[in-house]
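Below: the structure, in structure tokens.
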Amino acid sequence: QVQLVESGGGLVQAGGSLRLSCVASGSIFRISTMGWYRQAPGKQRDLVAIINNRGTTNYTDSVKGRFTISRDNAKNTVYLQMNSLKPEDTAIYYCNAHLTAYRTDYWGQGTQVTVSS
167 QVQLVESGGG LVQAGGSLRL SCVASGSIFR ISTMGWYRQA PGKQRDLVAI
217 INNRGTTNYT DSVKGRFTIS RDNAKNTVYL QMNSLKPEDT AIYYCNAHLT
267 AYRTDYWGQG TQVTVSS
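Counting from 1, position 75 in the sequence shown corresponds to residue 241 in the numbering used here; the numbering is continuous, with no gaps.
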């Protein structure tokens, strides 16, 4: 079992910044990759960014150059630094932990990000 707790969402004006945090606990040694997904009203949940145990990252095209995913292994925490935010970034952001060997995903409770124009 892996537990994920997100924080850092909120309301910000377009062009502003926010940093999301996700603290993992439990069987964290089994985690292969961690990532951030988002879900806007009426839309499916989509990948925003992921980072694996080697620190390799991948981003969806719409956030490249604006968002940065990072991890602090000592704190069991993954961050998503979001800069130059746009209204279309408005969504609930979910932290994900993927355990490849177990074909299992764990999700946080989600944190709301709202970008006003």
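For every residue, glycine included, the Cβ atom is placed at its ideal position computed from N, Cα and C.
So who's on the other strand from residue i, going by DSSP bridges?
{"i": "E172", "result": "C188"}
{"i": "A180", "result": "A180 is not bridged to any residue."}
{"i": "T270", "result": "L265"}
Within the same chain, show all residues whose beta-carbon is closer than 6 Å to that of residue i, passing over the 5 residues directly before and after it, in chain order.
{"i": "G276", "result": "I258 and Y260"}
What residue range does the beta strand (DSSP E) around residue i cover?
{"i": "G221", "result": "From DSSP, G221 is part of no beta strand (DSSP E); its letter is neither H nor E."}
{"i": "N262", "result": "A257 to L265"}
{"i": "S236", "result": "F233 to D238"}
Using 8 Å as the threshold, is the C-beta distance between residue i and residue j below it?
{"i": "Y225", "j": "S236", "result": "no"}
{"i": "L186", "j": "G175", "result": "yes"}
{"i": "V189", "j": "T243", "result": "yes"}
{"i": "L251", "j": "V281", "result": "yes"}
Rounded to a whole number of angstroms, what is the C-alpha to C-alpha distance between residue i and residue j?
{"i": "G131", "j": "Q167", "result": "Past the boundaries of the shown model lies residue 131; the chain is included only from 167 to 283, so the question cannot be answered."}
{"i": "T199", "j": "A267", "result": "11 Å"}
{"i": "Y272", "j": "R196", "result": "12 Å"}
{"i": "Q210", "j": "T270", "result": "19 Å"}
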